[in-house]
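Contents: one structure, followed by commentary.
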Amino acid sequence: MAVEKRRKQDFTAAGKSGCSWTSDEVRYLQRHRADGSDLIAHVLGRTTGAVQQQAHRLGVSLRIRHGETCPMCGEHIVREGTAAAKQGMCQVCWERRKADAMRERAAEQRAKADYEAAKKLAQYR
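Listed below in structure tokens is the structure:
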């Protein structure tokens, strides 16, 4: 019994110890698969073995690939198989571009509302 308890403590100390993978962790694993299991494990706070097992379950190759640097920022890697890569940019630039698009849409809606209000006001004059 003491040996079993000790093994469980050792396993718990090594990482998340059998905790279910969140959808965010799975997405991270899929997007960053080219970084290899060691780096992914470090970032997610999981063991290398846990990352390798989850990748195997998902059918994700963890072969390290050196991707191209993002042409927009020059800092991050363009990760193949992502929506960002389809746009020719890294995930960081893609998220920033989506945020910019949302702000632009909100501004367009405000401008349209201002126009409609001005148009309505002009009709009553």
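Anchor point for the sequence shown: position 91 equals 93 in the working numbering, and the numbering is continuous, going up by one each time. The C-beta atom is built at its ideal place from N, Cα and C for all residues, glycine as well.
Within 10 angstroms of the Cβ of residue i, are there 16 or more other Cβ atoms? Answer buried if so, exposed if not.
{"i": "E65", "result": "It should be noted that the sequence gives Arg, not Glu, for residue 65. Flag for R65 reads exposed."}
{"i": "A124", "result": "exposed"}
{"i": "E27", "result": "buried"}
{"i": "A109", "result": "exposed"}
{"i": "A120", "result": "exposed"}
{"i": "R127", "result": "exposed"}
{"i": "A87", "result": "buried"}
Start and end of the alpha helix (DSSP H) containing residue i?
{"i": "Y117", "result": "Q93 to Q125"}
{"i": "Q55", "result": "T50 to L60"}
{"i": "S22", "result": "Careful: S22 lies outside any alpha helix (DSSP H) and carries neither H nor E."}
{"i": "L46", "result": "S39 to L46"}
{"i": "A36", "result": "Neither: A36 is in no alpha helix (DSSP H) and is coded neither H nor E."}
Excluding the 5 residues preceding and the 5 following residue i in the sequence, name in chain order all residues of the same chain whose CB lies nearer than 6 Å to its CB.
{"i": "R9", "result": "Bear in mind that the predicted position of R9 carries a pLDDT of just 46, short of 50, making it unreliable; the figure below should be weighed with that in mind. For R9, where only same-chain residues beyond five positions count, there are no Cβ hits under 6 Å."}
{"i": "V53", "result": "S39, I42 and A43"}
{"i": "A113", "result": "none"}
Leaving aside the five residues before and after residue i along the sequence, list all residues of the same chain whose C-beta is less than 8 Å from its C-beta, in chain order.
{"i": "A85", "result": "W96"}
Among residues of its own chain, excluding the 5 on either side of residue i, which ones have a beta-carbon nearer than 7 Å to its beta-carbon?
{"i": "D40", "result": "T50"}
{"i": "S63", "result": "R35"}
{"i": "T14", "result": "Here the model assigns T14 a pLDDT of 45, short of 50, so the residue's position is not dependable, and the following value carries that caveat. Excluding residues within five positions, none has a Cβ falling inside 7 Å."}
{"i": "Q11", "result": "Bear in mind that the predicted position of Q11 carries a pLDDT of just 49, short of 50, making it too unreliable to give a figure here."}
Quick one: measure Cβ to Cβ for residue i and residue j, integer angstroms, because I've assumed they're closer than 8 Å.
{"i": "W23", "j": "Q55", "result": "About 10 Å; that fails the 8 Å criterion."}
Three or more C-beta pairs below 8 Å linking the stretch 31 to 40 and the stretch 61 to 81: Flag = yes, the stretch 31 to 40 and the stretch 61 to 81 touch.
Three CB pairs or more closer than 8 Å across the stretch 24 to 34 and the stretch 44 to 51: Using a C-beta cut-off of 8 Å, the stretch 24 to 34 makes contact with the stretch 44 to 51, since at least three inter-stretch Cβ pairs fall below that distance.
Validate contact between the stretch 73 to 82 and the stretch 90 to 104 using beta carbons, cut 8 Å, 3 pairs: Touching, yes.
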